[in-house]
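234 is the number of the first residue of the sequence shown in my numbering; add one for each residue after it.
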Amino acid sequence: MGVKKLFQRAIAWFQATFTDRTCRDLQRTWTGRAINAVSFMMVIVMLALWVTLFVILRDNLSSDSLAASTVTAVSCFAFFGGLLLAIVIGGWLGNALRRIFWKILVKLGK
Numbered sequence: 234m235g236v237k238k239l240f241q242r243a244i245a246w247f248q249a250t251f252t253d254r255t256c257r258d259l260q261r262t263w264t265g266r267a268i269n270a271v272s273f274m275m276v277i278v279m280l281a282l283w284v285t286l287f288v289i290l291r292d293n294l295s296s297d298s299l300a301a302s303t304v305t306a307v308s309c310f311a312f313f314g315g316l317l318l319a320i321v322i323g324g325w326l327g328n329a330l331r332r333i334f335w336k337i338l339v340k341l342g343k
């Protein structure tokens, strides 16, 4: 299996498809709307985890005997890089969970 085909399968797994009538009907209910909010909630959870881990990391960095400018540069890079990474990972996890929950809802709805 080529890398391109593997990449396309990985992307297809995270895409949501709502084509049949059952999915569209479920999407209008409160349960469907709550399931759709899972992605957003996972991003918020990952951001909260990252900020907590960053505070711990920053305390450890400042206790070492490094130059102040080095600590500042590393902290800035780690904070903003970690924020972006947390958003991406949270979105991927949220979409995966949402897709699993949708499959369960569709099976229960039929």
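Ideal Cβ placement from N, Cα and C applies to all residues, glycine included.
For the pair S272 and L330, the Cα-to-Cα distance works out to about 8 Å. The region 333-342 and the region 279-296 do not touch, with fewer than three beta-carbon pairs separated by less than 8 Å. It is roughly 30 Å from the alpha-carbon of A270 to the alpha-carbon of F310.
In this structure, the CA atom of R266 is about 12 Å from the CA atom of L338. The three-state secondary structure of G235, taken from DSSP, is coil. Cβ contact annotation for I320 (same chain, cutoff 8 Å, sequence separation greater than five): V276, M279 and L280, in chain order. When C-alpha distances from W325 are compared across I244, V236, G314 and W263, the shortest belongs to I244.
Bounds of the alpha helix (DSSP H) holding T264 are W263 to N269. Separation of F312 and I268 (C-alpha to C-alpha, rounded to the nearest whole angstrom) is 30 Å.
Contact check for G327 against M274 passes: the beta carbons are separated by less than 8 Å.
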